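Report on the structure given below.
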Amino acid sequence: MEGEAVSGAQLIAQALRAQVRARGGDRQPAGRDSVQRNIEYMFGIVGIPVTEIAIAAQAVGIKYVGMRNEQAACYAASAVGYLTGRPGVCLVVSGPGFLHALGGIANATINCWPLIVIGGSSDRNQETMGAFQEFPQAVRTSMYGRPGSCYIDIPGDFVNLQVNKSSVKYVECCLPPPISMAEHSAVSKAASVIALSKQPLLIVGKGAAYSHAENNIRKLVELCGLPFLPTPMAKGVVPDNHPNCVAAARSMALQHADVIILLGARLNWILHFGLPPRYRQDVKVIQIDICAEELGNNVMPAATLLGDINAVTQQELALQKSLPMNYYTVFHHIRELIPKDCILVSEGANTMDIGRTMLPNFYPRQRLDAGTFGTMGVGLGFAIAAAMVARDRTPGRRVICIEGDSAFGFSGMELETICRYNLPILIIVVNNNGIYTGLDANSWEEMLKFGDPATCVPPVSLLPNAHYEKIMSAFGGKGYFVKTPEELQNALKASVSDKQTPSLINVMIDPQSERKKQEFPWLTRSNL
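Under our numbering, the letters of the sequence shown match residues 52 to 579, in that order.
Structure follows, in structure tokens:
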């Protein structure tokens with residue numbers, strides 16, 4: 052008895068359908084859907100010799116959408132590739148049909164979107180019967196590395212030719228794209244460049260959206276306090292209403308950034324090729340891309356990280372967590388976790404100045420700082436007064452006093468007063484070991500080798516890693532010594548939730564951390 056016959060069109064449909072994984076047990080890039088759906092959609096215009104392919108595709112469960120023009124069909128199929136991470140299929144006839152699809156093929160190639168175009172051609176000899184085995188390779192080619200378009204030419208006589216089903220060799224579904232990571236040395240170099248930047252800017256490209264890197268990118272933005280600019284199709288990776296989004300000041304952000312971090316974005320015409328006058332002449336570029344050929348295009352980068360955007364962002368995130376915080380990172384976490392109706396007291400040089408822009412007020416008469424006279428040492432006295440008034444008039448309202456370590460030294464012994472009257476004030480000391488800037492512990496020890504501290508230590512330096520929180524603990528309050536964003540978040544949550552006990556969070560930041568350079572620095576010209 053002869054075996055069941057199957058047509059070339061059916062083999063093509065089955066080969067496409069074989070690239071669909073069932074639920075469960077799939078390897079997935081981090082952040083992707085747990086279900087692997089490779090080939091689900093086909094767009095096209097039928098005609099000789101591809102009509103039977105569309106019918107066969109529907110028979111095996113692939114959704115066929117008949118379009119009115121091959122160009123639009125190809126655009127639709129490529130968009131499926133971007134939205135799902137798996138190639139859409141465009142089905143066209145030979146000659147003009149294929150030519151009309153070229154615009155979509157080019158668009159997918161330039162946008163780096165996975166796409167498979169199947170076109171019918173004139174009849175060939177039967178030895179081309181093995182063509183259906185190229186479908187898994189086409190899927191791999193469209194998805195692996197930098198995604199793009201792939202064209203498969205189907206001989207017309209292959210579509211309707213009948214073969215014995217038992218003689219067909221079916222190929223397994225190709226695996227998801229491997230996740231590549233950047234070299235550790237490159238990640239470290241990038242982290243160092245970011246740490247030394249004064250006006251960094253993160254540019255988020257659609258490659259980041261395709262990589263499903265939104266969770267890690269948002270964490271990186273918030274951990275480092277990075278301003279970000281999305282390219283058009285990367286909008287929403289981090290929400291447009293995020294306080295760090297600078298899209299409304301795009302030109303100024305590009306012109307003033309001293310470090311640009313490109314996350315899946317290319318320095319093409321959309322980003323003015325990365326060249327002056329749109330950018331600073333001395334701007335440093337950190338480039339993160341999955342395609343090696345893209346690295347260094349138009350601008351020589353200060354650091355290149357080759358790999359999957361999501362995976363590399365996770366690497367950078369892990370490393371950033373181990374680095375000293377700066378003012379902007381600290382204020383970001385404070386802003387996120389303190390009550391909106393709290394009374395804010397602030398003093399210090401950089402601490403107060405940066406706090407004025409990064410810590411919003413929502414109600415009148417709820418901010419106290421150095422004021423017109425620019426007086427240092429007012430912080431704890433103001434905080435005590437605010438807590439007494441709040442206790443009598445608005446019970447439950449928190450008073451939060453944020454000071455630099457230098458400013459704290461003017462009236463630090465008032466912690467005893469706070470504890471004596473059991474005023475639940477939260478004091479946050481932003482400690483950079485100095486006035487404006489300080490020295491880390493190692494630099495301090497090296498400095499002492501030169502002799503008497505009175506003659507060799509910079510006048511702006513204070514004792515490194517001073518444990519101011521222990522003063523609070525000594526008087527019965529709660530003290531926290533924090534060095535990482537996670538420790539800061541935990542201390543803030545604990546202090547804000549405890550409405551009965553005074554607390555002090557001693558936040559260690561990079562001793563060289565400073566405020567961003569001011570365009571009109573007359574008020575800060577003495578800042579060393």
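Just so it is clear, CB atoms sit at the ideal spot from N, CA and C, and this is done for glycine as well.
What you are looking at is a predicted structure, and each value in this text was computed from that prediction instead of being measured.
Per DSSP, reduced to three states, the secondary structure at GLY258 is helical. In this structure the stretch 278-293 lies against the stretch 252-259, because at least three pairs of beta carbons, one per stretch, are closer than 8 Å. In this structure, VAL57 places its C-beta atom within 9 Å of the C-beta atom of ASN215. If you look at GLN109, you'll find it in the alpha helix (DSSP H) that goes 102-110. Restricting attention to alpha helix (DSSP H) runs no shorter than 4 residues, the stretch 395-475 encloses them at 401-409, 430-444, 456-462 and 465-471, ordered along the chain. Only residues of its own chain outside the window of five on either side were considered, and among them VAL244, LYS335, VAL336 and ILE337 have a CB closer than 7 Å to the CB of ALA353, listed in chain order.
Boundaries of the alpha helix (DSSP H) harbouring GLN540: 536-548, taken from the DSSP string.
GLY358 is positioned such that its CB atom lies closer than 9 Å to that of ILE339.
Assignment of beta-bridge partners to GLN338 by DSSP yields LEU313 and THR355.
Counting only the Cα atoms, PRO446 lies some 25 Å from GLY406. Burial check for HIS235: the Cβ neighbour count within 10 Å stays below 16, so the residue is exposed.
Between LEU410 and PHE433, the CB-CB gap reaches or exceeds 9 Å. For LYS240, the uninterrupted alpha helix (DSSP H) run begins and ends at 235-247, by DSSP. Between PHE459 and VAL480, the C-beta gap is smaller than 9 Å, which places the two residues in contact. Taking PRO562 as the centre and dropping the five residues before and after it, the same chain places the C-beta of ASN483, ASN484, GLY485, THR488, GLY489, LEU490 and ASP491 closer than 7 Å to its C-beta, in chain order. Taking PRO165 as the centre and dropping the five residues before and after it, the same chain places the C-beta of GLY132, PRO138, SER193, MET194 and PRO198 closer than 6 Å to its C-beta, in chain order. A residue is called buried once 16 or more other Cβ atoms fall within 10 Å of its Cβ, and GLU344, having fewer, is exposed. By alpha-carbon distance to SER218, the top candidate from LEU62, ILE522, MET118 and GLU520 is LEU62. In this structure GLY196 touches ILE341 by the C-beta definition: roughly 6 Å separates them, less than 8 Å.
In the DSSP assignment, ASP208 falls within the unbroken alpha helix (DSSP H) covering 207-211. Across the set LEU305, THR355 and ALA233, the C-alpha of LEU305 shows the shortest separation from the C-alpha of GLN332. Boundaries for TYR133: no beta strand (DSSP E) harbours it, while the alpha helix (DSSP H) harbouring it runs 121-135, taken from the DSSP string. SER58: member of the beta strand (DSSP E) spanning 56-58, first to last residue. Under the 10 Å beta carbon count, ASP404 is surrounded by 16 or more other beta carbons and is classified as buried.
Its chain contains LEU431, GLY432 and ILE435 as the residues whose beta carbon lies nearer than 7 Å to that of GLU465, once the 5 sequence neighbours on both sides are disregarded; these appear in chain order. Here DSSP, grouped into helix, strand and coil, assigns SER524 to helix.
Closest by C-alpha distance to GLU538, out of PRO375, LYS521 and PHE526, is PRO375. The closest CA to that of ALA64, considering only THR102, GLN122 and LEU395, is found on THR102. Cα atoms of ALA66 and LEU318: separation of roughly 38 Å, rounded to the nearest angstrom.
Under DSSP, ASP333 shares a beta bridge with no residue. Distance check between PRO475 and each of PRO510, VAL547, GLU454 and HIS293 places VAL547 closest, using alpha-carbon atoms only. Taking every protein chain shown into account, the CB of VAL440 has fewer than 16 other CB atoms within 10 angstroms, so this residue is exposed.
Contact between the stretch 528-543 and the stretch 363-370 is absent: fewer than 3 CB-CB pairs across the two stretches fall below 8 Å.
Shown here for ILE394: same chain residues with a beta carbon closer than 6 Å to its own, the five before and five after excluded, namely GLN417, ALA437 and VAL450 in chain order. Per DSSP, the continuous beta strand (DSSP E) segment holding MET559 begins and ends at 554-559. Between SER239 and LEU370 a beta carbon distance of about 7 Å is seen, short of the 8 Å cut, so the two are scored as contacting.
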